[in-house]
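The next block holds one structure in the form of structure tokens; read it before the comments.
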Amino acid sequence: MVKVGIIAGSLRKDSFSKKIAQKAKELFPAGFEAELIDISNLPVYNEDYDSGGNPPEGYTSFRNKMKEVDAVLFVTPEYNRSMPPALKNALDVGSRPYGDSVWEGKPAAIISQSPGRLSGFGANHHLRQVLVFLNMPVVQQPETYIGIEENSFDSNGNLVDERIIASIEALVDAFVELIKKYKS
């Protein structure tokens, strides 16, 4: 069984990123176990915690959880043309202590979303740049930018826009192929 961690970059309870992450989770095929990873309780990264030998429990549990997964799907909104601070913090926490990164070599994929016309383009590219540095092979095509519209979700918060669902499905399919390439 291949384990895929899905991280939604937004902390908001009813965030579009969390709803999209849930839909993506449902689209993985048999043989893949996708799990939503919560980053809301991670303390802000401070290297002093690691160098002191007693990191916060939030760091330890997050790092252990990420070590269990084989690949990571990131679903992110865009804040000021970049990724949200909570997502950047999770990347930083997971990349330390130096030489013990939980990200090393794990296949990754990115979905960015925004109600704006650019659909999270800036966040997608900033995140992609960080993942390259963390030595994570990233799905190159399709690039998945989701423009949220008024009718994208039903009254229960479920993603219902077939065009968006098809684009997520195409990304998941490409991601599965990338994972097979690196984890076979």
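The sequence shown lines up with residues 51 to 234 when you count with the numbering used here.
Positions of the beta carbon are idealized from the N, C-alpha and C atoms, including for glycine.
Three or more Cβ pairs closer than 8 Å define a contact, and the region 79-97 falls short of that threshold against the region 200-217.
Taking C-alpha positions only, Ile214 is separated from Val125 by approximately 13 Å.
For Lys73, there is no enclosing beta strand (DSSP E); the residue is found in the alpha helix (DSSP H) stretching over Phe66 to Glu76. In the DSSP annotation of this structure, the continuous segment of the alpha helix (DSSP H) that includes Gln179 starts and ends at Phe171 to Phe183. Taking 7 Å as the cut-off, the Cβ atoms of Arg113 and Val152 count as close.
Residue environment: Pro134 is assigned as buried (16 or more neighbouring CB atoms within 10 Å of its CB, all protein chains considered). Scanning its chain for C-beta atoms nearer than 8 Å, with the 5 sequence neighbours on each side dropped, one finds around Ala74 the residues Ile56, Ala84, Leu123, Val125, Ile161, Ile218, Leu221 and Val222, in chain order. Annotated three-state conformation of Lys53 is strand, per DSSP.
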